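Just so you know, the sequences run in chain order X and F.
Heads up, the first sequence is in numbering that gives the first Met the number 0, so the first residue is 0 and it goes up one at a time.
Heads up, the second sequence is in numbering that gives the first Met the number 0, so the first residue is 0 and it goes up one at a time.
Just so you know, even glycine gets a beta-carbon here, dropped at the ideal spot from N, CA and C.
All values derive from a computational prediction rather than experimental measurement.
Read through the structure below, which is laid out as structure tokens, and then see the notes.
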Amino acid sequence: MNTIFNFLLNDFLTKPVILIGLLICIGYILKKESAPKVIVGTISAMVGIQLVIFGGNQFTNTFRPIVEAVSAATGIQGYIMDSYAMKATSQEALGDRFGLMGYAFILAFAVNLLMVYFGKYTKAKGVFLTGNAGTAHAQSVLWLVLANMAVGNTTAVIITGVLVGIYWSYSTTLAAEVCDEVTGGAGFTIGHNQQVGIWFFGKLAPLFGKKEQDAENLKLPGWLSIFNNNIVATCVIMWLFVGGFMVPLGISGIQELAGKDNWIVYIIMVGINFSMNMVILLTGVRMMCAELTESFKGIQDKLVPNAIPAIDVAALLPFSPNAATLGFIFCTVGTVISIVILILIKSPIMVLPGFVPLFFSGGPIGVVANKKGGIRATVICCTLLGIIQSFGSIWAINLMNYPQGVGWSGMFDFSTVWPAITQIMRWIGGVF
Amino acid sequence: MKDKINVLFVCGYGLGSSAVAEMLVKKGLAAENIAAEVKHTAVGELNSMKDWADVVAISKKLAEGLKFDENTHMVEVINIMDGAGIAREIGEIVDVHFPDARR
Numbered sequence: 000m001n002t003i004f005n006f007l008l009n010d011f012l013t014k015p016v017i018l019i020g021l022l023i024c025i026g027y028i029l030k031k032e033s034a035p036k037v038i039v040g041t042i043s044a045m046v047g048i049q050l051v052i053f054g055g056n057q058f059t060n061t062f063r064p065i066v067e068a069v070s071a072a073t074g075i076q077g078y079i080m081d082s083y084a085m086k087a088t089s090q091e092a093l094g095d096r097f098g099l100m101g102y103a104f105i106l107a108f109a110v111n112l113l114m115v116y117f118g119k120y121t122k123a124k125g126v127f128l129t130g131n132a133g134t135a136h137a138q139s140v141l142w143l144v145l146a147n148m149a150v151g152n153t154t155a156v157i158i159t160g161v162l163v164g165i166y167w168s169y170s171t172t173l174a175a176e177v178c179d180e181v182t183g184g185a186g187f188t189i190g191h192n193q194q195v196g197i198w199f200f201g202k203l204a205p206l207f208g209k210k211e212q213d214a215e216n217l218k219l220p221g222w223l224s225i226f227n228n229n230i231v232a233t234c235v236i237m238w239l240f241v242g243g244f245m246v247p248l249g250i251s252g253i254q255e256l257a258g259k260d261n262w263i264v265y266i267i268m269v270g271i272n273f274s275m276n277m278v279i280l281l282t283g284v285r286m287m288c289a290e291l292t293e294s295f296k297g298i299q300d301k302l303v304p305n306a307i308p309a310i311d312v313a314a315l316l317p318f319s320p321n322a323a324t325l326g327f328i329f330c331t332v333g334t335v336i337s338i339v340i341l342i343l344i345k346s347p348i349m350v351l352p353g354f355v356p357l358f359f360s361g362g363p364i365g366v367v368a369n370k371k372g373g374i375r376a377t378v379i380c381c382t383l384l385g386i387i388q389s390f391g392s393i394w395a396i397n398l399m400n401y402p403q404g405v406g407w408s409g410m411f412d413f414s415t416v417w418p419a420i421t422q423i424m425r426w427i428g429g430v431f
Numbered sequence: 000m001k002d003k004i005n006v007l008f009v010c011g012y013g014l015g016s017s018a019v020a021e022m023l024v025k026k027g028l029a030a031e032n033i034a035a036e037v038k039h040t041a042v043g044e045l046n047s048m049k050d051w052a053d054v055v056a057i058s059k060k061l062a063e064g065l066k067f068d069e070n071t072h073m074v075e076v077i078n079i080m081d082g083a084g085i086a087r088e089i090g091e092i093v094d095v096h097f098p099d100a101r102r
């Protein structure tokens, strides 16, 4: 009996793959799916999460030697701002406890559904449906709770589930009004990493410009379309920013990192490998989320059919493609300004933007700003966004309590709302 | 003539928008009595699936600068939540090029 218990606790349930596979399996069984469906779904989810773990590790392995080399040469510690960096960091920080994030995710989902179900009292209307962002929240906040409050695993999962569920319920509801304005009443809101930012800039934009000066009346250069391709965009952005970050090493320093390869080839491969790891991560997340969404969608449909679906922020991009491009460009500008300031004040921490915070915060917030305040508002708001995201990330990184992490989210909500919550957790944790 | 079309949904990372659109349009296509197999992917991985796809439903912003051959028909998506509307547009393509796919 003891051996079985031991096996379950120490060998079986501590492997994230097993824990999450179990979750999916139970979800499908509760939905009364056929045996083949349960088996296929469970194994797909497990392979999916292995791909995620692998991609995340590779991401870290590509970037860490560079960070260490630059740190040794300059004393500056570099962090990538990107959803995938946050996933990789929290995954590594959690270690064996990574599998618990599945339970935090389910609890958050349940809390979200409950709050919307009692919407008459709670005023919450949005149901968070973006699985990949949701799982990232579950694992990152789980790490933040464990790192800042001295609580056991079960308590941490409960705190995480409740906090994330409340965040999902209210941040999505806040953004609903401006989303309807932008989409002409399409009936969805945003469930991603910057919906509070969408609400915030929706309020700010009219102060900076006239909405009649619509960005869609501009003609933008065609070559900018290469940034529509996620693989190409990530590679190019990594070449620019990580390449720039390696400049203090000098050619000899880079050649040392490169080992047997020529240093130019090494720099090229850094960009290519980043994109490669992203594709691996994406494939895994796609597989895992497909199962997660399917196995739990039935519950959501039955309980709260009148809720507002909170979906991926990319849904806003088609409503104003020019504004999205401008938003991306000026968010990058704001980020570069922040980096220059950090260099000038000799900050020991440097943030390097990944593609995701620039395109998926900059783009949609550009669309919102354009709708409410025209071109001028788009330019001003998105530059401001880049600055807030960058300096907010410094704040977040200081609170994440994992200095060897490869990076953090860099998106608006994780540069503002969540560091604030983490700071409060730290004060509470310090009291007890 | 084909009696089942392959529809590929494309978005930036192949995770959020395309997955939601696929789910909603699948219902829309069933309502229109069109036989279809649906998949979703990211723009960066689109090229490897172009041969499979008869119809590519892609977000308007991402369609900039993309070219398809005459056998691949593009549907520009503005509202990913409009499952019925997108299914109708696919239906129009089906009626011209793949009439056997509509039962």
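Any beta carbon of chain X sitting closer than 7 Å to that of residue i?
i             : result
residue 33(F) : no
residue 61(F) : yes
residue 41(F) : yes
residue 78(F) : yes
residue 14(F) : yes
residue 11(F) : yes
residue 64(F) : yes
residue 54(F) : no
residue 19(F) : yes
residue 58(F) : yes
Do we get a CB-CB distance below 7 Å when we pair residue i with the residues of chain F?
i              : result
residue 306(X) : no
residue 284(X) : yes
residue 331(X) : no
residue 139(X) : no
residue 7(X)   : no
residue 216(X) : no
residue 188(X) : no
residue 352(X) : no
residue 185(X) : yes
residue 204(X) : no
residue 314(X) : yes
residue 369(X) : no
Can you have a look at residue i and say buried or exposed, based on whether 16 or more other CB atoms are within 10 angstroms of its CB?
i              : result
residue 248(X) : buried
residue 426(X) : exposed
residue 159(X) : buried
residue 339(X) : exposed
residue 0(X)   : exposed
residue 7(X)   : exposed
residue 300(X) : exposed
residue 220(X) : exposed
residue 2(X)   : exposed
residue 47(F)  : exposed
residue 294(X) : buried
residue 94(X)  : exposed
residue 389(X) : buried
residue 85(F)  : buried
residue 64(X)  : exposed
residue 324(X) : buried
In chain order, what residues of the same chain have a beta carbon less than 6 Å from the beta carbon of residue i, not counting five sequence neighbours either side?
i              : result
residue 43(X)  : 286, 290
residue 59(F)  : 75, 77
residue 412(X) : 192, 193, 195
residue 205(X) : 371, 372
residue 385(X) : 330, 333, 334
residue 209(X) : 373
residue 100(X) : 137, 138, 141
Which same chain residues, not among the five before or five after residue i, have their C-beta less than 8 Å away from its C-beta?
i              : result
residue 418(X) : 391, 394, 395, 398
residue 320(X) : 215
residue 1(F)   : 53, 97, 99, 100
residue 178(X) : 185, 187, 188, 189, 197, 315
From the DSSP secondary-structure annotation, give me the bridge partner or partners of residue i.
i              : result
residue 7(F)   : 38(F), 55(F)
residue 101(F) : 33(F)
residue 75(F)  : 57(F)
residue 188(X) : 309(X)
residue 351(X) : 79(X)
residue 127(X) : 309(X)
residue 406(X) : 79(X)
Cβ-heavy atom distance between residue i and the ligand FAD below 6 Å?
i             : result
residue 89(F) : No copy of the ligand FAD appears in this structure; indeed no ligand is present at all.
Apart from the five residues just before and just after residue i, which ones in its own chain have a Cβ nearer than 7 Å to its Cβ?
i              : result
residue 123(X) : 114, 115, 168, 169, 172
residue 240(X) : 351, 352
residue 422(X) : 398
Checklist entry - Below 8 Å, can you find three or more Cβ-Cβ pairs linking the region 127 to 141 of chain X to the region 104 to 115 of chain X? => result Flag = yes, the region 127 to 141 of chain X and the region 104 to 115 of chain X touch.
Checklist entry - Counting Cβ pairs closer than 8 Å, one from the region 70 to 81 of chain X and one from the region 20 to 40 of chain X, do we hit at least three? => result Below 8 Å, too few C-beta pairs join the region 70 to 81 of chain X and the region 20 to 40 of chain X to call them touching: fewer than three.
Next on the checklist: Would you call the region 73 to 91 of chain X in contact with the region 45 to 64 of chain X, where contact means no fewer than 3 C-beta pairs closer than 8 Å?
Outcome noted: yes
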